[in-house]
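Residue numbers (our numbering), protein chains in the order written: chain P, 3 to 381; chain F, 39 to 391.
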């Protein structure tokens, strides 16, 4: 391994990159623009974004606390409806797409169930389960409806978990992943870093494999003393350089404009490095199978665009339909995004470790396959 | 001098003659008087071989792209590999450059088998691949420095810039250069490691005549610097202008090989000396009596087939001696296009496969 060759090639790559305003734009300014646009849209004020009508027919301490917890999620604005009013008429008159009705006897049933868990002598009729809350929704407003349904599902899931686990019945504020301490920008910034590394590495690798092949540079290098391994390592270092530059710019904008609180730790760096290798590997694989630049760009888009939208970069996975959440579970960017969030925002070491391990596995597999498929020799 | 024995194709009498390598000797059968020519092949020494190719073959499925070809490139010479597009030129040169795997055959560069010693050979060769384009946002000098630093042995970049006449462009980005200048930079890149052998694959394709001529001058200069040049081209005038030795490839096979003179003498019709507006009707007879293959062309012109340039002076002295006046003379030589046409039945420029 000749490190002089590697550093020399890396230096030339950085030099040509700095002289290309287009590529600098896509690597640095484009993510900044996205942050500013999405940040402005979703972090515009303190008001909750989604209204939900709640009619509490039980009117007990438990039901009131449940409503209060719904209200405490920063995404919901609860509009309480008096018990005597017709829910569907109110929804129609006020143009509210979703309403939740807490049935009478909710508190009693809950208490009875909980007591039965602690005292085996108390008999509880399981056929009463589950305690159904009635959800009214407007089918014509699918977007808001699906988002609100997903948020509610998340809150109720949390509630159920607490009850069956014998812990505090209403624990949304403490346990919810949509906690009030975090804004949308906290969610979005790590996703933006993952997305930017993905695009720069995928497209960067594709370009180097297709353009350099077309221009005869790979054929030229094949006849020179620099080895394929040295060349790939040099390109990887260049991709890492781009990843750190774009991450730095995103963090600066996030901190200066949105006062995002960043936790820098080992997982943060590990994820940036592993993500660079992961998506460079994917780019190398695409670059091996497509011959011309135009097709390569289309192939890159076909890989990165679905991941951008399905892997929870812009929109929380929890508010997506179930089948889309299932798709996200197999996308590498999902693990990058979640790993980044848990490492640099939530500082959740266990989850950081969990998601980083997945990213490392993905990176190892894709990069190794990429190396094996990248060849200079012609058939 | 080499002694050679041949058999008369007419009466089958065994005849002997002598000549030097590269000579074409006229011979008249002492038995039946049949005239003929004997060619003394140029000796090719493997001791001076820069490249030795033996029985090289490349097969893609049912297609035999290169079909059992053998040739030797001498050190310090420009070797032109001439053929129409698709004839197998680039496949051959890329097998020699170890870019492509051969199906069978042996290749030695500077006596080293490239299958086992290509890493040693890398430092001694410089390559300009076909349709090569360098990094757009590096200047000419930066480009040469970039490639030179990827070798252990390097030549002085400034002297290469001088030799390639690129001083005015040294600070220009590669992307801003004309096609001709880009090709000159490509040739310059192939010299950054001061190689013994330079491979130039179609270096002037797509260039205008002026730019092409400039690249030719640069390539001709390589020979003066002691480099061996392996040039692939489909321009017959390029091979005629530059090459010391030419191999013509057609449908994967070498169909003719030798110096330009050898190819013309062996496959062409030699040179035709045309006497314009000859004053004497006896000129043809007089020239024939002196052993020339002459005939009248009907418009007062007389055409004489000339095999050696010295014979032109003989013709002129005969005309002077016989007091035969004429308007002027014109000499036209057979070219590679005619040779290709004669061997393959197709024009080189139209024989793309």
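For glycine and all other residues, C-beta sits at the position ideal for the given N, C-alpha and C.
Predicted model, so just to flag it, every value in this text is computed and none were measured.
Report yes if the C-beta distance between residue i and residue j is below 8 Å; otherwise report no.
i	j	result
residue 134 of chain F	residue 116 of chain F	no
residue 233 of chain F	residue 257 of chain F	no
residue 317 of chain F	residue 364 of chain F	yes
residue 262 of chain P	residue 187 of chain P	yes
residue 208 of chain P	residue 283 of chain P	no
residue 49 of chain F	residue 76 of chain F	no
residue 339 of chain F	residue 356 of chain F	no
residue 247 of chain P	residue 30 of chain P	yes
residue 269 of chain P	residue 354 of chain P	yes
residue 137 of chain P	residue 52 of chain P	no
residue 69 of chain P	residue 84 of chain P	no
residue 301 of chain F	residue 377 of chain F	yes
residue 366 of chain P	residue 289 of chain P	no
residue 121 of chain F	residue 272 of chain F	yes
residue 107 of chain F	residue 91 of chain F	yes
So which residues on chain F does residue i lean against when the C-beta distance must stay under 7 Å?
i	result
residue 217 of chain P	170 and 171
residue 190 of chain P	Near residue 190 of chain P there are no residues of chain F at all, since even the closest Cβ is about 33 Å away, more than 7 Å.
residue 7 of chain P	188
For residue i, collect the residues of the same chain with a Cβ closer than 7 Å to its Cβ; drop the 5 residues on either side in sequence, then sort them by chain order.
i	result
residue 311 of chain F	342, 344, 350, 353, 367 and 369
residue 253 of chain P	264
residue 136 of chain F	152 and 156
residue 165 of chain F	135, 228 and 237
residue 326 of chain F	332
residue 106 of chain P	59 and 60
residue 198 of chain F	182, 226, 229 and 230
residue 334 of chain F	322 and 340
With a cut-off of 8 Å on the beta carbons, I'd call residue i and residue j a contact; round off their distance for me.
i	j	result
residue 37 of chain P	residue 191 of chain P	7 Å
residue 274 of chain P	residue 329 of chain P	Wrong, their Cβ atoms sit about 25 Å apart, outside the cutoff.
residue 253 of chain F	residue 207 of chain F	Incorrect: roughly 14 Å between the Cβ atoms, too far for contact.
residue 111 of chain F	residue 88 of chain F	5 Å
residue 97 of chain F	residue 141 of chain F	5 Å
residue 249 of chain P	residue 338 of chain P	Contact doesn't hold; Cβ gap of about 12 Å is too wide.
residue 195 of chain P	residue 373 of chain P	Contact doesn't hold; Cβ gap of about 25 Å is too wide.
residue 343 of chain P	residue 189 of chain P	7 Å
residue 274 of chain F	residue 123 of chain F	Actually they do not touch by this definition, with Cβ atoms about 13 Å apart.
residue 287 of chain P	residue 371 of chain P	6 Å
residue 188 of chain F	residue 218 of chain F	Rounded, the Cβ-Cβ distance is 25 Å, inconsistent with contact.
residue 126 of chain F	residue 95 of chain F	Residue 126 of chain F to residue 95 of chain F, Cβ: 10 Å. No contact.
Mind pulling the chain P residues with CB within less than 7 Å of residue i?
i	result
residue 135 of chain F	225
residue 165 of chain F	222 and 225
residue 326 of chain F	The premise fails here: residue 326 of chain F is roughly 57 Å from chain P at the closest Cβ pair, so nothing lies under 7 Å.
residue 161 of chain F	227
residue 27 of chain F	In this structure chain F extends from 39 to 391, so residue 27 of chain F is not present and cannot be described.
Output needed for residue i: all residues of its chain with C-beta closer than 8 Å, excluding positions within five of it in sequence on either side, in chain order.
i	result
residue 49 of chain P	For residue 49 of chain P, the predicted structure reports a pLDDT of 47, less than 50, and the residue's modelled location is therefore unreliable. A value from the coordinates is still provided. Correct list, in chain order: 79.
residue 239 of chain P	8 and 12
residue 68 of chain F	51 and 53
residue 193 of chain F	186, 229, 230, 231 and 232
residue 47 of chain F	72 and 74
Given residue i, which residues of its chain have a CB within under 6 Å of its CB, disregarding the five upstream and five downstream residues?
i	result
residue 168 of chain P	Its pLDDT being 46, under 50, residue 168 of chain P is placed unreliably in this model, and the value from its coordinates should be taken loosely. No residues qualify anywhere along the chain.
residue 16 of chain P	none
residue 281 of chain P	200, 203 and 204
residue 303 of chain F	62
residue 285 of chain F	109, 119, 292 and 295
residue 309 of chain P	333 and 335
residue 147 of chain F	89 and 159
residue 242 of chain P	278
residue 229 of chain P	none
residue 369 of chain P	279 and 283
residue 236 of chain P	8, 11 and 12
residue 224 of chain F	166 and 170
residue 213 of chain F	174
Which residues of chain F have a Cβ atom closer than 8 Å to the Cβ of residue i, listed in chain order?
i	result
residue 228 of chain P	188
What in chain P is Cβ-close to residue i, meaning under 9 Å?
i	result
residue 176 of chain F	14, 17, 18 and 21
- Task: Could you tell me whether the segment 318–325 of chain F touches the segment 277–295 of chain F, using the rule of 3 or more Cβ pairs below 8 Å?
- Result: Segments in contact, no.
- the segment 289–296 of chain F / the segment 102–111 of chain F touching (three or more Cβ pairs under 8 Å): Contact holds: three or more Cβ-Cβ distances are below 8 Å.
- At a cut of 8 Å, does the segment 297–310 of chain P reach the segment 218–227 of chain P through at least three beta carbon pairs? Taking 8 Å as the limit for Cβ pairs, the verdict is that the segment 218–227 of chain P does not touch the segment 297–310 of chain P.
- Stretch pair the segment 88–100 of chain P + the segment 60–75 of chain P: three plus CB contacts closer than 8 Å: When C-beta atoms of the segment 88–100 of chain P are compared with those of the segment 60–75 of chain P, fewer than three pairs fall below 8 Å, so the two segments do not count as touching.
- Cβ contact (3+ pairs, closer than 8 Å) linking the segment 55–69 of chain P and the segment 114–124 of chain P: Too few Cβ pairs lie closer than 8 Å, so no.
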